[in-house]
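A.B. asks: Residues 0 to 541 (numbering that gives the first Met the number 0) are what the first sequence spells out, left to right.
Every residue, glycine too, gets a C-beta built ideally from N, C-alpha and C.
This one's a predicted model, so the numbers in the text were calculated from it and none came from an experiment.
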Amino acid sequence: MREQIIGHGTWYDKMAVEILERERKLDRSLDLIRTEMGITASGFPHVGSLGDAARSFAVTLALRNQGYNSKMIAFSDDKDGLRKVPAGIPPSLKKYLGFPVSSIPDPYKCHESYGRHMSSLLLEALDKCGIDYQFMTGSEAYRNGLFNKEIETILLHAKRVGEIIREEVGQEKFIEALPYFAVCSNCGRIYTTKVYEFLPKENKLLYSCEGMEIKGQWMEGCGHKDEADYTKGEGKLSWKAGEFAARWKVLDIRFEPYGKDIADSVRVNDRICQEILAYAPPIHAKYELFLDISGKRFSKSAGRIFSPQLWLRYGSPQSLLLLMLKRFVGARSLSVTDIPQYMNELNELEDIHFGRKTISDEKERAKLSGLYKYCWVLKPPAKPNIHVPYNLLTYLAKVAPKDSEIDFIKEKLEAYGYKIERDSKDLERRIEYALNWAQDYPEIKETTTRLNTKETTALKEFIQTLEIEERENQLQGAIFNIARKHEVQPSRFFQILYTILLGVPQGPRLGPYIIAMERRNVIKALKRAIKKKENPPFKIEP
RNA sequence: GGGCCCGUAGCUCAGCAAGGAUAGAGCACCGGGCUUUUAACCCGGGGGUCGUGGGUUCAAUUCCCGCCGGGCCCGCCA
Numbered sequence: 000m001r002e003q004i005i006g007h008g009t010w011y012d013k014m015a016v017e018i019l020e021r022e023r024k025l026d027r028s029l030d031l032i033r034t035e036m037g038i039t040a041s042g043f044p045h046v047g048s049l050g051d052a053a054r055s056f057a058v059t060l061a062l063r064n065q066g067y068n069s070k071m072i073a074f075s076d077d078k079d080g081l082r083k084v085p086a087g088i089p090p091s092l093k094k095y096l097g098f099p100v101s102s103i104p105d106p107y108k109c110h111e112s113y114g115r116h117m118s119s120l121l122l123e124a125l126d127k128c129g130i131d132y133q134f135m136t137g138s139e140a141y142r143n144g145l146f147n148k149e150i151e152t153i154l155l156h157a158k159r160v161g162e163i164i165r166e167e168v169g170q171e172k173f174i175e176a177l178p179y180f181a182v183c184s185n186c187g188r189i190y191t192t193k194v195y196e197f198l199p200k201e202n203k204l205l206y207s208c209e210g211m212e213i214k215g216q217w218m219e220g221c222g223h224k225d226e227a228d229y230t231k232g233e234g235k236l237s238w239k240a241g242e243f244a245a246r247w248k249v250l251d252i253r254f255e256p257y258g259k260d261i262a263d264s265v266r267v268n269d270r271i272c273q274e275i276l277a278y279a280p281p282i283h284a285k286y287e288l289f290l291d292i293s294g295k296r297f298s299k300s301a302g303r304i305f306s307p308q309l310w311l312r313y314g315s316p317q318s319l320l321l322l323m324l325k326r327f328v329g330a331r332s333l334s335v336t337d338i339p340q341y342m343n344e345l346n347e348l349e350d351i352h353f354g355r356k357t358i359s360d361e362k363e364r365a366k367l368s369g370l371y372k373y374c375w376v377l378k379p380p381a382k383p384n385i386h387v388p389y390n391l392l393t394y395l396a397k398v399a400p401k402d403s404e405i406d407f408i409k410e411k412l413e414a415y416g417y418k419i420e421r422d423s424k425d426l427e428r429r430i431e432y433a434l435n436w437a438q439d440y441p442e443i444k445e446t447t448t449r450l451n452t453k454e455t456t457a458l459k460e461f462i463q464t465l466e467i468e469e470r471e472n473q474l475q476g477a478i479f480n481i482a483r484k485h486e487v488q489p490s491r492f493f494q495i496l497y498t499i500l501l502g503v504p505q506g507p508r509l510g511p512y513i514i515a516m517e518r519r520n521v522i523k524a525l526k527r528a529i530k531k532k533e534n535p536p537f538k539i540e541p
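1. For GLY137, which option in GLU123, CYS186, ARG428 and VAL249 has the closest C-alpha, if you only look at C-alpha atoms?
2. Measure the C-alpha to C-alpha separation of LYS325 and THR456 and round it to an integer number of angstroms.
3. When we look at the beta-carbon of LEU155 and count the other beta-carbons within 10 Å, is it buried (16 or more) or exposed?
4. Just to confirm before moving on: does the CB-CB distance between GLY314 and ILE338 stay below 8 Å?
5. For LYS239, does the count of other Cβ atoms within 10 angstroms reach 16, so buried, or fall short, so exposed?
6. Given a cut-off of 8 Å on the beta-carbon distance, is the pair GLU404 and ALA414 in contact?
7. Please classify CYS546: is it buried, with 16 or more other beta-carbons within 10 angstroms of its beta-carbon, or exposed?
8. Does the region 207-224 come into contact with the region 176-192, if we say contact requires no fewer than three beta-carbon pairs (one atom in each stretch) closer than 8 Å?
9. Between THR233 and GLN308, what straight-line distance do the alpha-carbon atoms span, to the nearest angstrom?
10. Rounded C-beta distance between TYR389 and MET342? I'm assuming under 8 Å.
11. Could you give the uninterrupted runs of the alpha helix (DSSP H) lying entirely in the region 234-300, keeping only those of 4 residues or more?
12. Classify ILE467: buried if its beta carbon has 16 or more other beta carbons within 10 angstroms, exposed otherwise.
13. LEU122 and ALA73 - do their beta-carbons sit closer together than 8 Å?
14. For LYS158, does the three-state DSSP call read helix, strand or coil?
15. Indicate whether the contact test is met: 3 or more Cβ pairs, each with one atom in the region 244-259 and one in the region 270-287, closer than 8 Å.
16. Find the nearest neighbour of TYR179 within the set PHE146, LEU377 and VAL168, judged by alpha-carbon distance.
17. If you scan the region 111-157 from start to end, which runs of the alpha helix (DSSP H) of 4 or more residues do you find wholly inside it?
18. According to DSSP, is THR393 helix, strand or coil?
19. When DSSP builds the beta bridges, which residues end up paired with PHE305?
20. What do you reckon, is the C-beta of ILE164 under 7 Å from a heavy atom of the ligand ATP?
21. In angstroms with no decimal places, state the Cα-to-Cα distance between ALA244 and LEU177.
22. With distances taken Cα to Cα, identify the nearest neighbour of GLN165 among ILE358, SER264 and LEU391.
23. Can you tell me whether VAL168 is buried or exposed, with buried defined as 16 or more other CB within 10 angstroms of its CB?
24. Taking a contact to mean a Cβ-Cβ separation below 8 Å, would you say ALA227 touches LYS200 in this structure?
25. Less than 8 Å between the C-beta atoms of ALA277 and HIS7, yes or no?
26. With a threshold of 16 other CB atoms inside 10 Å of the CB of GLU361, please say whether the residue is buried or exposed.
27. Distance, Cα to Cα, GLU347 vs GLU410?
28. For the beta strand (DSSP E) containing ILE213, name the first residue and the last one.
29. Taking C-alpha atoms, which residue in LEU391, GLY42, LYS214 and SER75 lies nearest to TYR190?
30. CB ARG355 to CB PRO383, shorter than 8 Å?
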C-alpha cells in the first residue's frame, strides 16, 4: 500500500513525475523540459514575486534530479504599460503613464530602462538564492518577431478568442475588440490605442489613439491614427487574450505556476493555447498570494513593499526559499517578524537532514530532508552549521557594545556553552542578520520610564558611583545598594537602567555591560534620561 | 455574479496537496536548575470535542459534500 518515495519526497518531485507522465502521453520530446516564471517589470518586486520563481525552479530541479534536462525561463513582462507610478518613485514619472515600461528611462539611472531596473531587483534575489534561469524580455521577444506566427493566428481567430473569453469569464469586450495593443507612434503609449482593423497580408494593424480607462482613471489618448507592424514589435498581445498562450507555444513551456489573482487569465489562455494554437498548454499549479499581517493583499504600489532584499537583510537565502517552498497551498499572512521563525525552522530541518533529530515516519523524514535540500537548491552543505536560536542572537546583538559586536556575541555564545568555530563564515552571516534585525527592530515595549523623585535620586547617586568605580562586580553590587538605600525595588531599578540603556526592560548582567560600553557613555545616557524624564524618551517602532 | 483560502492549546501558527501510532512548536502561565538580583539558557508541568454536521475508509486534523464564521481574488488592465 505504501508507495515508494519519489525523488526527495516533496511535492516538487511528485509534480515532476506528473509532468513526465503527461508529456509521454502527449508524445512530446523530453530532451528539454522548460518551466517558466513571470517577472513583473512595472513595479518593485515583492517577496511573493519570488514565490513564482522558487516554485517553478523547484520543479526544474526535481526534473533534473530525475535525470532530465530542464531549464527555467524568467520572462519579464516589460512590454506592459505603466499604469501607476509606484510609491517611492519620483512623481515626475507620471508623464510616462501608459508607456511600455521598457521604453521608460530608469529613474535610478543604473539600468537601460525602468522595466529593466525593476526586473533586475528580482533577478538579483534569484541569484542570491542560487536559482538559475534563462532571462527573456517581452520587448526583445516582440522586437525579434518571436511571436509573429502566433499573433497572426490569434488575430485571424479573434472572434473565436473573444467567444472563449466570454464563455470563461463573461467578458464581452473581445468579441468586438482585437486582442492587440499597439504602441502609439506619436505619443508612445500602449494602452491608449484601439486597434480597429487587421491587415493580415501586410502584417499590419490600424489603430487610433483614443484613450482608455485604467484603474478607474481615464488616460487620454493623443488622437493619432496610424498602422502598427506586429512583426516589428510595435505592440503586444493582450495578456488575457492569448499572450500567455503564444509564449507557451513558442517557448515550449511544460510547467508554469501562477498566483490566484491571474487564475482567470490562465484558464482563458489554456483554451486559446489548445484550441487556437493547437498546443497543449503547460501543467499549472496555482498558489495563494501572501497577505500582509492585516490580512490584506500585499500591494506593489502602496509603498509598504516587503521586498526580497528586505528579507535577505535579516534572513538567509535558504530561509527565503523555505518560506516559498514549504507549502504550496493556502494564503499566508506574512510579516518581517516571521523571519526568525523561518531561520529556526531551517535549523530544525538541517538537524533532520543530518540525522541529528529522528523522525519515526520515513516518508515524513524524507519529505522534510527533501525540503531542506530544495532550500539549498539541491546543493546542501556537507555538514551541519552551528545552530544558535535566532532570538538569542538578536538578544545578544541588541546588547552588544558598539564596534565589537561580533566578538562580543561569539564570546557570549561560548560562555553559554555553544561550541562555535571562531572563523565560521556561516556564523558570522547569522550574526550579521541578527545585528541588522536588532538595529532595525528595537522591539521597544516599555515606553514609560517616567521617574519618581526617589528613582531620580537613586539614578543620580549611581552616576556618581559610575564616575569613580571601574570594577564590574562593584558596580553590579552598587546597583542593589543604591536602590535599597533610596527605597527603590532593585528589580525596578534594574528595569529603569535597562530601559534607558537598551530600550528594553531587561538585559545582560549590568556590571560587565557597563564596562564594555565604557562608563562615560553610560553616564551620558543616564544624564540625558534624567533630563528627559518628563517625556517618554523612546519611540515605539514599528 | 464567478472562484479561492482560512478556522488546530490562552495567543500566533505548523501538520493536510502521497490518510496511519499518545496531534506539535513558539509565546504566555506554573514549578525547578543555572546566574552575587533581572534577563538569557536548560529541565519539567498544565492546557486542544483539530469550527460544525454528514460521507468514503480497517483507519480522517488530513480526502469528498453541506452548513456556520472570518478573509481574499477575479468580474477594467496587468
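C.D. replies: Straight from the coordinates:
1. VAL249
2. 55 Å
3. exposed
4. yes
5. buried
6. no
7. There is no way to answer for residue 546, as the model of the chain reaches only from 0 to 541.
8. yes
9. Just to set this straight, residue 233 is Glu in the shown sequence, not Thr. When rounded, the distance between both Cα atoms is 34 Å.
10. 5 Å
11. 243-250 and 262-270
12. The residue in question, ILE467, is exposed, as its Cβ has fewer than 16 Cβ neighbours within 10 Å.
13. In contact: ALA73 and LEU122 (Cβ atoms closer than 8 Å).
14. helix
15. yes
16. PHE146
17. 113-128, 137-142 and 147-155
18. helix
19. Note: PHE305 sits in no beta bridge, so no partner.
20. For the ligand ATP, the structure offers nothing, since it holds no ligand at all.
21. Those two C-alpha atoms are separated by around 16 Å.
22. Note that residue 165 is Arg in the sequence shown, not Gln. When each option's Cα is compared against that of ARG165, the closest is SER264.
23. exposed
24. Cβ distance not < 8 Å, so ALA227 and LYS200 don't count as in contact.
25. no
26. exposed
27. 24 Å
28. 210-213
29. LYS214
30. yes
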